[in-house]
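Residue numbers (full-length UniProt numbering): 1 to 183.
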């Protein structure tokens, strides 16, 4: 929870070009690292890891925080090509990203140095099956392959533009009928 508060606090000021160059903090779990190495389904492990690492910012219902943290529920970055959420978890984000018709300019911490391939596969599989999503699960082998695409400790992904370059998911701001109806 402390990292979520820190991330929100540190991103509350005006965005600058130099802020995009700063590395997102590396965030990990404390004490729960063995969860994914013991018994338990990928979804159970993913739920536990999501609760301990992601809920503060993205909320239990995946809605994010209005104006500050993008929602995961209904996000094309979650339900599109699996490399998107994997790369985002591995490297974090620093820059503008458009989700559900709104732009968010902030940072998400990276988890690549603190979570194993199985743990990242568990979190990604979990969010791809929550909040009405029906996207496929990912395997630890897929995460390992994605991890090998970039050097360890690289800078965070530079917002939607770099995510588009890495995954092919359009960075354009689009509004869906459902988004417009809910606003």
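Beta carbons: idealized from backbone N, C-alpha and C, even for Gly.
Inter-residue spacing [alpha-carbon to alpha-carbon] between residue i and residue j
i           : j           : result
residue 108 : residue 137 : 22 Å
residue 59  : residue 80  : 21 Å
residue 123 : residue 44  : 9 Å
residue 121 : residue 140 : 5 Å
residue 74  : residue 66  : 15 Å
residue 54  : residue 147 : 20 Å
Close-in-space but distant-in-sequence residues of the same chain around residue i (CB under 8 Å, 5 per side omitted)
i           : result
residue 163 : 77, 84, 87, 88, 93, 97, 157, 169 and 171
residue 51  : 60
residue 82  : 124, 128, 135, 136, 138 and 142
Residues sharing a beta bridge with residue i, DSSP
i          : result
residue 98 : 103
residue 42 : DSSP lists no partner for residue 42.
residue 65 : 69
residue 93 : 108 and 157
Residue i beta carbon near the ligand ZN (any heavy atom closer than 6 Å)
i          : result
residue 77 : With respect to the ligand ZN, the structure shown offers nothing to examine, as it has no ligands at all.
Selected residue, minimal CA-CA separation from residue i, among the options
i           : options           : result
residue 42  : 128, 148 and 72   : 128
residue 71  : 119, 130 and 144  : 130
residue 68  : 105, 148 and 101  : 105
residue 145 : 90, 66 and 133    : 90
residue 133 : 56, 53, 62 and 55 : 62
Close-in-space but distant-in-sequence residues of the same chain around residue i (CB under 7 Å, 5 per side omitted)
i           : result
residue 160 : 96, 97, 98 and 171
residue 46  : 122, 123, 125 and 126
Proximal residues to residue i (C-beta, below 6 Å), its chain only, five neighbours per side dropped
i           : result
residue 167 : 81, 83 and 84
residue 64  : 58, 70 and 71
Does the structure place the region 112-126 close enough to the region 143-154 that three or more beta carbon pairs sit under 8 Å? yes
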